[in-house]
Amino acid sequence: MRTIHSPSAMTAWSQRLRREGVVIGFVPTMGALHEGHRALLRAARLKCDALVVSMFVNPIQFAPTEDLATYPRRLSQDRTICREEGVDVCFEPTPAAMYPKGFQTVVTVPSVARRWEGETRPHHFGGVATVVTKLFGVVRPDVVWFGQKDFQQCAVVRQLVKDLNFNIRLIVRPTVRERDGLAMSSRNAFLSTEERRLAPMLYQALLAAQRAIKTGMADPKTVQAMMRKVLEAQPAIRIDYLAICDPDTLEPLDRIDRQAVILGAIRLGSVRLIDNVLTRRTRGGT
Ligand code: AMP
């Protein structure tokens, strides 16, 4: 496995392989790899000839009040995981290499990025869309893998791949969870013992909503109220949003009469957790 730091060296490596007809797979991450990332690497390894993983904590997707400084960084452990999973290149650029003096361009995806995470974190998706566009330009992949856990991020990336004519196939893989249902996340390590005990309740609330919809509940307000009731029973949990939306546009549904995504974000102390499940109504409801 090679470690590449410079964007131009990364592009040169990719260009050389592309000329030989090699299919390049790419998994962008912010490092601090866990089983969720590992599942993406495994899926990717099976479907491409050469696999690149980027590890870059992207400063422009964090607001000044957010956790950029304390975001977990474990590069040597991450490299071991990459080696174990058969990664060919770990791309580890520095912030200065990605955003040199004079850098100006930003990529925005106004509609799908507007609500939910976009409302709570107004800086976030501009930073994500910009870094993903840059990484795609540097790595020049044929296929990329993202996790469903960041559902809105997947919608943003899908839109930018389409709008900016990237000739890249986007594959979204299911969320990997702890045994008690908590979606794996690099930030889970910051939960206290008590917060960790409560954290799976977000997924439990989403599953309760999914069941209710499956059995015919079609009014989003009623389903949301049910989720709220589950979560508000715990005073330590603060709800950022609970939403039932169209999975492509992420606009809220007035009535749950087609496939929907149920999105949720909560805070436990200083830790913010997001999760989602997809659903489809199977029986007629009121
Ligand atoms: P991050 O390092 O948090 O930027 O995540 C890198 C990629 O891993 C993104 O596509 C995430 O959606 C994905 N990912 C993070 N957590 C999980 C998880 N629990 N299950 C599956 N994919 C995940």
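Sequential numbering from 11 applies to the sequence shown in our numbering. Glycine residues also receive a C-beta, built at the ideal position from the N, C-alpha and C atoms. Note that the structure is a prediction, hence the values are computed from the model and not measured.
>> What I want to know is whether the C-beta of Phe6 ends up closer than 6 Å to one or more non-hydrogen atoms of the ligand AMP.
In response: Past the boundaries of the shown model lies residue 6; the chain is included only from 11 to 296, so the question cannot be answered.
> Gln169 and Val119: beta carbons closer than 7 Å?
Replying inline: Against the sequence shown, residue 169 aligns to sequence position 159. Against the sequence shown, residue 119 aligns to sequence position 109. It is a contact, given that the beta carbons lie within the stated cut-off.
>> From the DSSP secondary-structure annotation, give me the bridge partner or partners of Thr39.
In response: Working through the sequence shown from its first residue, we reach residue 39 at position 29. Looking at the DSSP assignment, Thr39 forms a beta bridge with Met65.
> So does Thr140 have its beta carbon nearer than 6 Å to some heavy atom of the ligand AMP?
Replying inline: One-based indexing of the sequence shown puts residue 140 at position 130. Thr140 Cβ: outside cutoff for every heavy atom of the ligand AMP.
> Apart from the five residues just before and just after Arg12, which ones in its own chain have a Cβ nearer than 6 Å to its Cβ?
Replying inline: Working through the sequence shown from its first residue, we reach residue 12 at position 2. Cβ neighbours of Arg12 beyond the five flanking positions: Val99.
> How close, in whole Å, do the beta carbons of Leu192 and Ala215 come, if the pair is a contact with beta carbons under 8 Å?
Replying inline: Numbered from its first residue, the sequence shown carries residue 192 at position 182. Numbered from its first residue, the sequence shown carries residue 215 at position 205. At roughly 12 Å, the Cβ-Cβ gap does not stay under 8 Å, so Leu192 and Ala215 are not in contact.
> Taking the alpha-carbon positions, what's the Gly295 to Ala219 distance?
Replying inline: The residue you call residue 295 lines up with position 285 of the sequence shown. The residue you call residue 219 lines up with position 209 of the sequence shown. Low confidence applies here, because Gly295 scores a pLDDT of 45, under 50, leaving its location unreliable; read the following figure in that light. Distance between the alpha carbons of Gly295 and Ala219: 14 Å.
> Can you check whether the CB of Val37 is closer than 7 Å to the CB of Leu51?
Replying inline: Mapped onto the sequence shown, residue 51 falls at position 41. Mapped onto the sequence shown, residue 37 falls at position 27. In this structure, Val37 lies closer than 7 Å to Leu51 by Cβ.
> Where do the N-terminal and C-terminal ends of the beta strand (DSSP E) with Cys92 fall, by residue?
Replying inline: Stepping through the sequence shown from its first residue, residue 92 is reached at position 82. It is not in any beta strand (DSSP E) - Cys92 instead sits in the alpha helix (DSSP H) that spans 85-94.
> In three-state DSSP terms, what is Arg125?
Replying inline: Within the sequence shown, numbered from 1, the residue matching residue 125 stands at position 115. Three-state result, Arg125: coil.
> According to DSSP, is Asp190 helix, strand or coil?
Replying inline: Here residue 190 refers to the residue found at position 180 of the sequence shown. Asp190: coil per DSSP, three-state reduction.
>> Taking 6 Å as the cut-off, is the C-beta of Thr39 nearer than that to any heavy atom in the ligand AMP?
In response: Against the sequence shown, residue 39 aligns to sequence position 29. Result yes, Cβ under 6 Å from the ligand AMP.
> Does DSSP put Thr289 in a helix, in a strand, or in coil?
Replying inline: Residue 289 sits at position 279 when you count from the first residue of the sequence shown. Three-state DSSP puts Thr289 in a strand.
> Near Leu212, what residues of its chain come up, given a Cβ to Cβ distance below 6 Å and the 5 sequence neighbours on each side ignored?
Replying inline: The sequence position of residue 212 within the sequence shown is 202, counting from 1. Taken in chain order, the residues that qualify are Gly274, Ile276, Leu283, Asp285.
> Got a sec, what are the start and stop residues for the beta strand (DSSP E) Gly279 sits in?
Replying inline: Translated into positions along the sequence shown, residue 279 becomes position 269. Here Gly279 belongs to no beta strand (DSSP E), and DSSP marks it neither H nor E.
> To the nearest whole angstrom, what separates the beta carbons of Pro262 and Ile254, a pair I think is in contact under 8 Å?
Replying inline: As a position in the sequence shown, residue 262 is number 252, starting the count at 1. As a position in the sequence shown, residue 254 is number 244, starting the count at 1. With a Cβ gap of about 7 Å, Pro262 and Ile254 count as contacting.
> To the nearest angstrom, how far is it from the Cα of Val63 to the Cα of Phe101?
Replying inline: On the sequence shown, residue 63 is found 53 positions in, with the first residue counted as 1. On the sequence shown, residue 101 is found 91 positions in, with the first residue counted as 1. Straight-line Cα distance between these residues: approximately 6 Å.
> What are the boundary residues of the beta strand (DSSP E) that includes Tyr81?
Replying inline: If you number the sequence shown from 1, residue 81 lands on position 71. Tyr81 -> no beta strand (DSSP E), and no H or E assigned at all.
>> Counting C-beta neighbours from all protein chains within 10 Å, is the total for Glu127 16 or more, i.e. buried, or is it exposed?
In response: For the purposes of this step, residue 127 is identified with residue 117 of the sequence shown, where counting begins at 1. By the 10 Å Cβ count, Glu127 comes out buried.
>> On the criterion of 16 or more Cβ atoms from any shown chain inside 10 Å, does Ser86 qualify as buried, or is it exposed?
In response: On the sequence shown, position 76 is the one that residue 86 refers to. Answer is exposed; the Cβ neighbour count stays below 16.
> So, using beta-carbon positions, are Met20 and Val153 closer together than 7 Å?
Replying inline: Here residue 20 refers to the residue found at position 10 when the sequence shown is read from its first residue. Here residue 153 refers to the residue found at position 143 when the sequence shown is read from its first residue. Not closer than 7 Å, so no.
>> Based on DSSP bridge pairs, tell me the residues matched to Leu180.
In response: As a first step, residue 180 must be located in the sequence shown, where it is residue number 170. In the DSSP output, where bridge partners are listed per residue, Leu180 has Val154.
>> Using CA atoms only, rank isn't needed, just tell me which of Arg83, Ala209, Glu95 is closest to Ser280.
In response: Taking the sequence shown and counting its residues from 1, one reaches residue 280 at position 270. Ser280 has its Cα closest to that of Ala209, out of Arg83, Ala209, Glu95.
>> Does Ala139 come out as helix, strand or coil in the three-state DSSP assignment?
In response: As a first step, residue 139 must be located in the sequence shown, where it is residue number 129. In the structure shown, Ala139 sits in a helix (DSSP, three-state: H, G or I).
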